[in-house]
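Note sheet for the following structure.
Residue numbers (the working numbering), protein chains in the order written: chain A, 2 to 341; chain B, 2 to 341; chain C, 2 to 341; chain D, 2 to 341; chain E, 2 to 341; chain F, 2 to 341.
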């Protein structure tokens, strides 16, 4: 299976204290490389696809280490430009029980945020590609990146590449207004949209009745949001993961998909969280794989849900699971019995 | 907010095997400095109060490291005398599931247990102070310390300082008889008493109907105990935390307060335990902060409960949380969602 | 209590990534020495019995380290032959939530698999012994070992030693057919048999109605299996642990015993898993201890269940608990409260 | 000894791979907080002086952790402003043998680089102070900081505070031209200057004959440089450390001082390097302590050399030694025999 | 620079106790993937060549992790067959002072030792290749591998690919007799031979006067050996590294080259050993790079010596250095000064 | 070789910061069990002797872990009494370069210091024993232990057991006067005495001309001291190790023996120190083994010197080497070349 899939965005250095410590307590950080789009790319490589990650990292050992980590897990790094001043960083305290995970971003002025249009040759990048994925974080990184992202999705369309986008609204990166303006243009070229209700409301003002902090999730309310997105942007599919946070240690998790006619929801998992970062990204990865391999809508939901459920039992940003492992869980084997 | 609060007692070296190992398995110990009274002092410093810890530690690198750890977290160490032979130690195996945590004390002959009256200048210590806190462990350390603790609470009263005491009965340190004799004198100067039902019965023979090992807690029975304590010692407030141990990994937790007229109980939390040590101390810290900042009785219970709930999600003895984090949980946000 | 108990089988090097990592992510392995029969031997030593482990390990530092670890926990290693090429290895990823533990065996050509009959002097080994324990893994290691195991159980019988055997069918080591042939001969000399329903079906074709992957356990169905085993092999006792895997993190656990007339089941425990490896072995250890010390059938079940419940809260293969700790849990104290 | 000494500059997060690994190999970083000026401040606190560090760190857990580390080692942090976006970072691979240590800076846009004049109340800061120390790094951080540093040294002079400055030229922070312009103004207020020959040449164009890479050091050539600095800036003392790098593991080390009339050099140490970072800063700390306590010029050189020799045997940026330990080495006890 | 270079051989899992512990002391192993030929391949990738590694690893997570580690450092793994039972292992205690490093091999029955001829398509592998490198270990792994290695060197010649071979005699893998027979055939196709004097004597009975254990090295004696090799096998170049072991911590190191007319020796380095494994392999890597990029014989010796000197300052088997770093040392900058 | 050798003394918990950190910097301690006499016992077990350690450790997990560590390395623990309050502790900062190792003792009130005569049945202990070893630390622990040690050496003599004693004067445990009184009585029963010149002078006032801190060692002056000891106590052999401390990282080391007629000194080793603790004890172990196996005086010196040289390359208190490894070094192979 050599389908070429390109993902575009940022890879960062994540620094996490071990043993559930807080930042003020630790004298060591675990070193993790990841980021919304990079995480999707590793998922796809693990599934056997020909995964390319397009980005920019600095020409220093930290940038090299980020690139190496992608290579290690099978991602093709030929489209990663080198240069700029720094790799973006985020500090992440893993939460537990009633104590939430806590993220401190230090990502400004990163190589990718300061990339220029000529760092990326979209004609080369999209040659023979079948799918392009990016997120709402990528254009939010800088005005330059807004422009470059728009160039990317346009070029993808011109090359007949399917385009998916995870809205992933980040209030610390841009305002709702700028997000709305830019993402409205980006969405013109998108086929498959991943969007939480929060995202849809923040970016496009599209509302539904779900109350996330209350621990109760309005699964069906998602259908309205998805219908509105489809109506507005002529999408072929909208997907979302739904997280019910009982605590930082225990979450329920399911995914929903809507293609304008059929609405499906996946099995709901009770997850004992090891590392929640990358949960949404691994759903995106599972969904892209499912669509590329011709799974039905229900199968796609189950594969995406199982993939992202497993991710949250694995330390780090990347989802280190195979198609076989995901399908085993999607097929109902959730007992966690030893494989020997 | 520069209210001066003085805490008096012991700081010890805690040695805990990593990765939930037992002592006979480990070739490393995590190094933690803490102790009932020191833990309260760090909580108060984290809340922005002017927290002083009065104690004695040896003039060697181990004593210095204990003192440094208090300084690190903002506690003023000007009233820590230096000298004596050793820092007290406790080995603590963190429990899990049906395996209880296991504590081995090696605290005899410590610098603080062998302190003398002239190690502490109470007039200087209580100048401009608003609150004094100690526990039943402090006078239990030695006959000397019984005498010094009594001097301390007397001096506090003379300086118009509010006095709180957590009974914290330790059968390994003294008999019920000696505890009863000494604590009866100490309690004459106490305004706010923290007491489990066990403590009240062991120290003062005051009984209630709660059966702790059974996993069932008699919340209302606490009111009787508190009333008896108030009647006997003319207290303005009695507080207690109640722990329902389903296992070493999962506890329910709430706190109750009674001021002689109003009886309040806090929200009850289901806690996934990371480190249960210091749970009671962080309730004391939360309660002192609440009273000093004019919170209502119900607010005080909620703040104290949330503070001590959060503590148990954090490794070590100290409660590394801010007022804002406690108030967020006390205000109902227990979902543990990522803050980013 | 100086009852001599001999266990016979393999000790391996287990390599487990720390922090719940997967093998592809880790740059460190925790080093654990263990194996089904060795684990039983350590349990028995911890209970104060005179535990001997008969095996063979290579004459190199890795073999020495395995032997040392047994010695460290009080097992007598006088009957461990030295020689051969290698110590067997198994890689074990500890699972979490919906992600199962994953075991990769690398045990072929080990010193014990290639042992010869003259590595073991059974007359010396069984002198003054009261109990002999082995498992279905031992004869499965090689044709040689099938023969040697048969010699061992015969010799045990001749010396009037009680014999127990845990069927422990391993499909990667031998076929059902060969297992059936060899184990049928071994069972002629066995008094106490430990067998999951899977084992009984795989090895002897004895079936019951329990569906293990479904998370639902047919406790009573076990009685039929046990009766059939007793009828066929003239056993005095059959025991089994039953595991209900809700996830890799949360299991229910109980044990059942049947002696041909009385059928007992133990208290059922909800376990938060720290390390599930050695759960069954610690049940075997608890059962052997119970029978040797004259416990009733119900007491034996409770002791065996509590022992194996505690094991799963402890990292590594070995069960690091004392008789007193097991009896405290068996007596109903499952709250996991701190012992201080 | 309660002499108030103020140091002004940056504290950064240093990330160093453990076990002498390179950045591309590591999945953990040791967390160290330090920086040229902060390191001096910790030295002074360890010597019992009343050490204040003036700086700015962000109002987030990373900034808090840096501040806490200073507090831990006894530095007064009252003059550390809070705010800004980030704490500066530097990655540091510790070298070994022929492999040099490798530093990657990521310090742009730090809180201190973007500080404003009103973050520092110099009148309050210099009240009762006896010494002020800064380095050439501080004004190099930004144009703002050039201005603020100039304000600082002026204010120090106005308050009658002795001023020392370590030239510490950093080519990555500014050009020789800008360094020369700014430092010429700063030096008007400086009494004690620390300067390598490289620094003197880069910043002021003052040359001498020493060839640093050649492993041969022109000790006496330093006197010419020092005389030129004294002539130009009316200094009372010029000091320098001299490092002869045989390899990243083995260095020779000595210090020289010149006050315009007397020229002294210290004992020369053969150092087996544990962590060379902070070597120069610990010399500065030792020199300031020596001058404040009335040591002779030769004694000052010996104390400064011994202090900085010891530093390089200690992991991290900070010099964790007492006056007694430095004096023991300065007094000739270099045999490293156990103290027991 | 896209020169394709193929290396053929084994990659193993190396397990090394941290902190210089012995195997019997450790409860952790550092996980390192490496092996003589894999190490060369990583060196070449680091130098920017198009490095391919041909081998076979098992289709399990351990084999995957080995493959991933090669990918991580830029090696193309397209020619690594998957299958077989196990990855070879070697345990390695790093030595110190008078205690030698100690290696325990557990490499029998590995996937590569049991590979078959059809695992490797030499026509595809050598298409567009410029250089092929293997060692005397590769044919020693099994009779199959003797045959396959011979096929490989023949095919290389047929494709006009330059062939280098490091004799690397391993007495534990085969006898001198079999080594002599097989290697004599292999050498018919070799252009560049790397050989210690020991190797030359053991494999081909070619002797010289150097006494290795005595700490004294007969540099010039190597020329005789090289001449004999050239005479016998019509080689274009013979190279060797010479190690003078003062202790496990301190070695002198140089390399010599002889092309039949010119004899050169490199600068001699005094190395403080961090990890000596891979020293010879990194010389091979440096030599191949030098020859491919047209360096003179003396330059090649200096580059090879500097590369292998740096390797021994880096933990693990792989040489994590760039061309620039090697050239800096080869150019005489051995002082190990910080790069900032 | 089943010669029974009994050692008598203390085993302690040693807490050492990893990575050469100081105590005030560390948040982890490496856990090491050891002590002068226990260290000798482990050496003897490693050499294949039937090594018994007589002592007393508390009946808690810490005491158990100490006992287990002895068992792990083959020491028979049948004569270790259980009881008392605590295991003695010592904190040990490993030194480096000019920074000395730093030991903080916390050993008062240990189980062994408070042992009583009936904890040891000397008739049973010395049955069939060939050698008894103790040190001057054992009687120094308490007045009780002075008495018990005297009983031990008397009983040894009565059973015809050879007695060795290492003077090991510890100024923190007793005065010169008490040491002199007690050790004079003990020495009446000693055959082989190990004594540094410091020890001989401190305990018995016997002087020689060696100046230890000066880095220069008066080897021959030792002969005078030894002669005086022999004259006074009718000894058959006196031995001493001589350490020349160039720094905490680099020492020279040799041993000398004198039997009243023949004086021998060993090869002198330049040691790169990994852990110097236990250097002297491993000399004692090597010497006892040498005498028991009939080595000549010169051979004994070489074996003792090589054993103790190797010890200092190994982390921890115990000397983890075999007879073969010691003899290889004693035979002149000090090059530290890899064994493979």
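Ideal placement from N, C-alpha and C gives every residue a C-beta, glycine not left out.
Report the partner residues of residue i according to the DSSP bridge assignment.
i                     : result
residue 163 (chain F) : F:132
residue 31 (chain A)  : A:17 and D:29
residue 40 (chain B)  : None, per the DSSP bridge assignment.
Check whether the Cβ of residue i lies closer than 9 Å to any Cβ atom in chain B.
i                     : result
residue 28 (chain D)  : no
residue 321 (chain F) : no
residue 74 (chain D)  : yes
Skipping 5 residues on each side, what residues in its chain have a beta carbon closer than 6 Å to that of residue i?
i                     : result
residue 204 (chain A) : 168, 170, 180, 181 and 184
residue 237 (chain A) : 192
residue 44 (chain D)  : 283, 286 and 320
residue 50 (chain B)  : 4 and 6
What residues in its chain sit with their C-beta under 7 Å from that of residue i, if we drop five residues either side in the sequence?
i                     : result
residue 275 (chain E) : 313, 314, 315 and 316
residue 296 (chain C) : 304
Please classify residue i as buried or exposed, where buried requires at least 16 other C-beta atoms within 10 Å of its C-beta.
i                     : result
residue 326 (chain E) : buried
residue 139 (chain F) : buried
residue 235 (chain C) : exposed
residue 65 (chain F)  : buried
residue 172 (chain F) : exposed
Between residue i and the rest of its own chain, which residues show a CB-CB distance below 8 Å, the 5 nearest in sequence each way excluded?
i                     : result
residue 145 (chain B) : 114, 115, 116, 117 and 118
residue 338 (chain B) : none
residue 330 (chain D) : 307, 310 and 311
residue 155 (chain A) : 190
Spell out whether any CB of chain D is found under 9 Å from the CB atom of residue i.
i                    : result
residue 15 (chain F) : no
residue 69 (chain B) : yes
*Could you pull out every unbroken beta strand (DSSP E) segment of at least 3 residues lying fully inside the segment 56 to 110 of chain C, listed in chain order?*
81 to 83, 90 to 94 and 103 to 107
*Those runs of the alpha helix (DSSP H) which lie wholly inside the segment 280 to 339 of chain C and span at least 4 residues*: 280 to 293, 298 to 312 and 324 to 331
*What residue ranges within the segment 160 to 209 of chain A form continuous alpha helix (DSSP H) runs of no fewer than 4 residues, ordered along the chain?*
177 to 188 and 198 to 205
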